[in-house]
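**Q** Residue numbers for the sequence shown follow our numbering, so the first one is 320 and each next one is one higher.
Even glycine gets a Cβ: it sits at the ideal position worked out from N, Cα and C.
Just so you know, these numbers come straight off a predicted model, no measurement behind them.
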Amino acid sequence: MLSDPLLTTRREDGWDIPLLVWRTRRPLRTVSSAPLGGGIGVRRWVLNATVPMSYHRDDPAEHLTELARQLGLDGPGVGLLTGVDVGEVVTRTDTGVQVWATVGLGIPIPAAAPAAPVAAQRVGTVNIVAYLPTRLGDAALVNAVATATEAKAQAIAELGLPGTGTPTDAVTVLCPPNGPVSPYGGPRSEWGAPLARAVHAAVLAVGTDTVVPWSDRLRV
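(1) Our contact map puts residue 276 next to residue 517 with C-beta atoms below 8 Å; I'd like the distance itself, whole angstroms only.
(2) Nearest by alpha-carbon distance to residue 425: which of 526, 331 and 406 is it?
(3) To the nearest angstrom, how far is it from the Cα of residue 326 to the Cα of residue 342?
(4) When the Cα atoms are used, what is the spatial distance from residue 440 to residue 499?
(5) Is the region 400-409 close to the region 453-473, with three or more CB pairs under 8 Å?
(6) Identify every residue that forms a DSSP beta bridge with residue 489.
(7) Could you spell out where the beta strand (DSSP E) holding residue 397 opens and where it closes?
(8) I'd like the list of long-range same chain contacts for residue 397, defined as Cβ closer than 6 Å, with 5 residues on each side in sequence excluded.
(9) Could you name the residues of the same chain whose beta carbon sits closer than 6 Å to that of residue 415, not counting the 5 residues immediately before and after it, in chain order?
(10) Measuring straight from C-alpha to C-alpha, what distance separates residue 473 and residue 368?
(11) Quickly, what does DSSP pair residue 369 with across the bridge? List them, please.
(12) Provide the residue(s) that pair with residue 419 in DSSP beta bridges, ordered along the chain.
(13) Does the distance from the CB of residue 432 to the CB of residue 482 come in under 9 Å?
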């Protein structure tokens with residue numbers, strides 16, 4: 320089981336900026352699209368860090384590595400970034416599957432939409448971290464990412480928003496490294512179904528409320 324994350328802050332550019340940290344009791348099999356620790360492998364921690372909307376670093380993996388070092392996180396891990404206040408994380412559980420989501424929809428876009436000037440977009444980020452209590456094979460892990468993404472897109476559609484997500488969304492799925500292997504992660508599989516329901520519920524819980532980026536609140 321993956322414990323609830325610790326909410327803490329780091330001092331950066333004169334601000335106390337929030338971040339969430341999951342420390343695993345043992346290394347977990349992981350698949351992720353995060354800028355740090357992406358791909359499939361064994362990971363020991365997950366970090367979801369708020370950044371200001373003016374964030375301009377072009378080395379996010381190095382930045383996240385620095386943050387992990389400051390927090391004393393050892394070994395391989397996953398690092399995520401978002402403009403949302405991660406203290407507003409939404410948690411949902413379904414049949415043993417745990418999901419944590421930080422949801423900043425901004426102006427979601429259809430995945431196949433024509434490219435638009437950056438200035439015309441109010442970019443947000445939806446970061447999803449999920450724990451499944453059974454070991455998944457490689458194909459099932461990849462399928463679980465697709466399932467979580469489909470459930471997120473379903474929730475966005477039900478909210479009446481014109482898109483499938485934002486350009487910077489990321490998904491991380493963790494599971495035990497040992498035990499019988501579950502070969503499937505699709506939305507009608509034993510573990511994909513509760514994953515889909517939990518992700519859908521977490522994103523839907525934010526509703527159509529306007530999520531003010533963390534850094535914008537400092538100007539209010």
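**A** On the basis of the supplied data:
(1) Residue coverage of the chain in this structure runs from 320 to 539, which leaves residue 276 outside it and unanswerable.
(2) 526
(3) 12 Å
(4) Reliability fails at residue 440, whose pLDDT of 47 lies under 50, so the model's placement of it is uncertain and no value is given.
(5) no
(6) 446
(7) 396-401
(8) 351, 353, 356, 362, 365 and 491
(9) 452
(10) 26 Å
(11) 401
(12) 410 and 448
(13) yes
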